[in-house]
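One structure below.
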Amino acid sequence: MNFDHEELMLMMLYNTGTRQGLVRELRLMQCYLMPDETALRELSEQVIEKLKRLTDAEFA
Numbered sequence: 005m006n007f008d009h010e011e012l013m014l015m016m017l018y019n020t021g022t023r024q025g026l027v028r029e030l031r032l033m034q035c036y037l038m039p040d041e042t043a044l045r046e047l048s049e050q051v052i053e054k055l056k057r058l059t060d061a062e063f064a
């Protein structure tokens with residue numbers, strides 16, 4: 005799976021060490037976004053969708 009630079013930076017900020025943990029942290033972060041923070045919401049959704057397509061082995 006190819007992640008772009010922005011996606012990788014977001015993943016580094018919220019990485020817990022596991023794919024599922026990262027998805028959980030990104031979802032939690034989205035709860036705190038303001039309505040006008042659409043770019044960050046869209047970016048985090050892109051990352052979550054890509055992570056869902058990976059296996060845990062591919063993520064590691």
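Going by the working numbering, the letters in the sequence shown line up with residues 5 to 64, in that order.
C-beta atoms are modelled at their ideal positions from N, C-alpha and C, and glycine is treated no differently.
Annotation for residue 46: the continuous alpha helix (DSSP H) segment containing it runs 42-57.
For residue 47 against residue 10, the beta-carbon gap comes to about 6 Å, under 8 Å, which counts as contact. The continuous alpha helix (DSSP H) containing residue 18 extends over residues 9-18.
For residue 38, no alpha helix (DSSP H) encloses it, and the DSSP letter there is neither H nor E. Per DSSP, residue 64 is not a residue of any alpha helix (DSSP H), being assigned neither H nor E.
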